[in-house]
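Undergrad: First the structure, which I've put down as structure tokens, then a few questions once you've had a look.
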Amino acid sequence: MFDEAAFIKKSVDELKKLEGKAVIAVSGGVDSTVVAKIGSMALGKNLIAVYVDTGLMRIGESLRVSKIFEKMDLKFLKVDAKEEFLKELKGVSNPEKKRKIIGRLFIKIFERIAEKEGAKYLLQGTIAPDWIESGGGLRDTIKSHHNVGGLPLNIKLKIIEPLRDLYKDEVRKLARFLNLKVAESQPFPGPGLAVRIIGEVTEERLDIIRKACNIVEEEIDKEVKKGMEKPWQYFAVLLPVKSVGIHGDARAYGYTIAIRSVDSIDAMTASFTKLPYSLLEKISIRITDEIKNVNRVVYDITNKPPATIEWE
Ligand code: XMP
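Just so it is clear: in the sequence shown, position 240 is 239 by numbering that gives the first Met the number 0, and no numbers are missing.
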């Protein structure tokens, strides 16, 4: 049985041994929020929580994240790095390259802040599936999770990962124990919407995927409120495939959105959610009605394995 109180006490005691300041990258997801909370219990204002607005976030995300951390006993900094990320991602379509660029930029920003603040440590919300799937040793690299495989080898900060051996269900238990609202929120990848746009990340594509993810979340959340079981994770993916359609009387040639919804326990394996057709239809109609340049919606019916949850 996982003992939340004992885990928190042990982690707080360990973190209290750190000398001086630490920075933590927070995304508003359950993993980094739990580490920030535990970190704040140990270090108080010596912990600097940094939220990087990469421009790769969902609708309303930055405001939601700010609200969580402005209330905690730590120092909270929000960095607007939208332009920097978009510039570096320009022309890049290889998924691993995208992940590495994002990881590198994150670290560059943290190092900059850590230096300014005089911090020596970087706390991270890495959990077991992140490093297992990022490879190393005898393991194959499935994908470089941005908080693991995307890190440069010459990183100056000492990395501390209190949740390294835990799985998501255990992290959620910690979040509930700590009374954090994010306990039930669905996972969102570190590289954000960049891995939900297949191919190059552009402003136009970001705008489309942001709206599409929002529609998928809104419609599924509505059904969950009415009693449907909450899937583990649900979102949209923008495909670089264009196809022919009709808008009014005119020929259209637009993008394709894939809907992805999966059920899982630890994200190591997952099965696609058997969403009702009526709900899929509602989502499809809203996406094609509300988002310009999208005229086709498909549903991803693959399990993990052989697919992964995110497409990149
Ligand atoms: P995959 O796509 O590998 O995802 O089946 C497993 C779970 O991890 C999330 N994910 C990430 N989380 N940094 C993260 O913190 C990342 O780079 C990353 N990539 C994927 C994914 O959303 C799923 O919940």
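Beta carbons: idealized from backbone N, C-alpha and C, even for Gly.
For clarity, every value in this text was computed on a predicted model and none was experimentally measured.
1. Check for me: the beta strand (DSSP E) holding Gly242 runs from which residue to which?
2. Would you mind working out which of Met40, Ser65, Ser39 and Val22 sits nearest Gly28, comparing C-alpha positions?
3. Please work out which residues of its chain come closer than 6 Å, Cβ to Cβ, to Tyr50, disregarding the five sequence neighbours upstream and downstream, and give them in chain order.
4. Please name the residue, chosen from Ile300, Glu82, Glu95 and Leu14, that lies closest to Gly134 on a Cα-to-Cα basis.
5. Should Ile245 be labelled buried (16 or more other beta-carbon atoms within 10 Å of its own) or exposed?
6. Measure the alpha-carbon distance for Val223 versus Ile126 and round it to whole angstroms.
7. Thinking C-alpha only, which one of Lys142, Ile214 and Glu203 is nearest Gly189?
8. Roughly how many angstroms separate the alpha carbons of Val33 and Lys107, rounded to a whole number?
9. Compute the Euclidean distance between the alpha carbons of Ala41 and Ile256, then round it to the nearest angstrom.
10. What residue range does the alpha helix (DSSP H) around Gly38 cover?
11. How far does the beta strand (DSSP E) with Tyr50 in it extend, from its first residue to its last?
12. In whole angstroms, what is the alpha-carbon distance linking Glu3 and Ile112?
13. How would you label Gly43, buried or exposed, when you count the other beta carbons within 10 angstroms and need 16 or more for buried?
14. Around the Cβ of Ser39, are there at least 16 other Cβ atoms within 10 angstroms (buried) or fewer (exposed)?
15. If we count the other Cβ atoms within 10 Å of its Cβ and call it buried at 16 or more, is Val200 buried or exposed?
16. Give me the DSSP bridge partner(s) of Ala266.
17. Between Val91 and Lys97, what straight-line distance do the alpha-carbon atoms span, to the nearest angstrom?
18. In whole angstroms, what is the alpha-carbon distance linking Asn294 and Asp72?
19. Please go through the same chain and pick out, in chain order, the residues whose beta-carbon is closer than 7 Å to the beta-carbon of Phe6, but skip the five residues on each side of it.
20. In the DSSP assignment, what residue or residues form a beta bridge with Val296?
21. What do you reckon, is the C-beta of Asp129 under 8 Å from a heavy atom of the ligand XMP?
22. By how many angstroms is the C-alpha of Ile282 removed from the C-alpha of Ala118?
23. What residue range does the alpha helix (DSSP H) around Ala24 cover?
24. Given the structure, does Ile112 come close to the ligand XMP, in the sense that its CB is under 8 Å from one of the ligand's heavy atoms?
25. Helix, strand or coil: how does DSSP classify Lys303 here?
26. Could you give the DSSP three-state label for Arg204: helix, strand or coil?
27. Below 8 Å on the Cβ atoms is my contact criterion, and I expect Leu88 with Ala211 to pass it. Report the Cβ-Cβ distance as a whole number of Å.
28. Assuming Tyr233 contacts Lys241 under a Cβ cut-off of 8 Å, what Cβ separation, rounded to an integer in Å, is found between them?
29. What are the uninterrupted segments assigned as alpha helix (DSSP H) that are 4 or more residues long and contained completely in the stretch 81-166, given in chain order?
30. Do Ile208 and Leu165 have their C-beta atoms within less than 9 Å of each other?
TA: Considering the structure as presented:
1. Per the sequence presented here, residue 242 reads as Ser, with Gly not at that position. Segment Gln232 to His246, the beta strand (DSSP E) holding Ser242.
2. Ser65
3. Val25, Val64 and Lys77
4. For Gly134, the nearest C-alpha among the options comes from Glu95.
5. exposed
6. Using only the alpha carbons, I get a separation of about 27 Å.
7. Lys142
8. 23 Å
9. 44 Å
10. Val29 to Leu42
11. Where Tyr50 is concerned, the enclosing beta strand (DSSP E) stretches over Leu46 to Asp52.
12. Answer to the nearest angstrom: the Cα atoms are 32 Å apart.
13. By the C-beta density criterion, Gly43 is exposed, having fewer than 16 other C-beta atoms within 10 angstroms.
14. buried
15. Its Cβ being crowded by 16 or more others within 10 Å, Val200 is buried.
16. Its beta-bridge partners do not exist; DSSP assigns none.
17. 7 Å
18. 47 Å
19. Leu173
20. Ile256
21. yes
22. 46 Å
23. Premise fails: Ala24 lies in the beta strand (DSSP E), Lys20 to Ala24, not in any alpha helix (DSSP H).
24. no
25. strand
26. helix
27. Under the criterion of beta carbons closer than 8 Å, Leu88 and Ala211 do not qualify as touching, at roughly 19 Å.
28. So it is not a contact: roughly 24 Å between Cβ atoms.
29. 81-88, 94-116 and 127-132
30. Contact flag unset, no.
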